[in-house]
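In the order they appear, the protein sequences are chains A and B. In terms of the numbering used here, the first sequence is numbered consecutively and its last residue is 140. In terms of the numbering used here, the second sequence is numbered consecutively and its last residue is 80. Every residue, glycine too, gets a C-beta built ideally from N, C-alpha and C. Worksheet: the structure to be examined is printed underneath.
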Amino acid sequence: SPPSSPVALPPFFMRGSIIQLADGELKRVEDLKTEDFIQSAEISSELKIDSSTVERIDNGQSPNAVVIQFSVGELKAQVCVEVLLEYPFFVFGQGWSSCCPDRTTQLFELSCAKLCVGDVCVSLTLRGLR
Amino acid sequence: NVEPRSVPVFPWHSLVPFLAPTQSD
């Protein structure tokens with residue numbers, strides 16, 4: 011299916027934003043680790059963590075957007091999202107990564123690596139999805 | 056009187072794009 015319009019960057023990616031984990035612990039967005047997502051998903055009754063591998067990165071409809079194709083979970087479901095260049099994804103074992111890390115750092119003061127094909131991102135699915 | 060400013064707290068799952076695959080079958 012065609013990707014939807016680019017998702018605007020939400021405020022919680024700004025450095026210093028306070029994030030509440032599933033066990034109630036508060037952390038700054040820049041301090042989050044892979045384990046925080048894994049442990050929070052383990053506690054969650056609704057959400058299940060999945061790995062999404064970046065398969066393709068193409069230009070989006072507008073010059074500041076990209077279309078990222080992911081292969082999600084064991085079933086390798088193909089999912090396309092169109093996001094702004096600076097939109098950060100959390101890569102397993104690596105942390106925040108975006109297609110334009112310089113721009114992410116400039117806009118949100120969030121340190122980022124370059125998101126590349128083959129990177130495995132944290133994603134979520136609903137438990138008991140029918 | 057100055058009201059105390061509350062700091063927004065965001066849930067952890069809001070940071071993760073929801074990539075639940077659509078079940079086509």
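Members of the segment 59-73 of chain B near chain A, C-beta cut-off 9 Å: V62, P63, V64, F65, P66, W67, H68, S69, L70, V71, P72, F73
From this set, A:D46, A:G83, A:Q30, which residue's C-alpha is nearest A:R137's C-alpha? A:G83
Can a CB atom of chain B be found closer than 8 Å to the CB of A:F100? yes
Hey, does A:V91 have any beta-carbon neighbour from chain B nearer than 8 Å? Closer than 8 Å to some Cβ of chain B, the Cβ of A:V91 qualifies, so yes.
Residue range of the alpha helix (DSSP H) that includes A:Q49: 44-53
Is the beta carbon of A:C109 less than 8 Å from the beta carbon of A:I67? yes
Interface flag, A:I67 vs chain B, CB-CB below 8 Å: No, A:I67 does not count as interfacial toward chain B.
Going by DSSP in three states, A:V127 sits in which element: helix, strand or coil? coil
Three-state secondary structure (DSSP) of B:V71: In the structure shown, B:V71 sits in coil (DSSP, three-state: anything other than H, G, I, E or B).
Run down chain B in chain order and give the residues with a C-beta less than 7 Å from the C-beta of A:A32. Within 7 Å Cβ-Cβ: W67.
Whole-number beta carbon distance between A:F118 and A:F47, since they are thought to touch under 8 Å: In fact, because the Cβ distance is near 19 Å, the residues do not count as touching under 8 Å.
Closest to A:V101 by C-alpha separation, out of A:G34, A:Q30, A:L42, A:A32, would be which residue? A:L42
Return the residue from the list A:F99, A:E45, A:E92, A:C90 that minimises the CA-CA distance to A:V130. A:F99
Chain-order list of residues whose beta-carbon lies under 7 Å from that of A:E96 (same chain, five-residue window excluded): The residues L19, S108, C110, R113, T114, L117, in chain order, have a CB closer than 7 Å to that of A:E96 in the same chain once the five nearest residues on each side in sequence are set aside.
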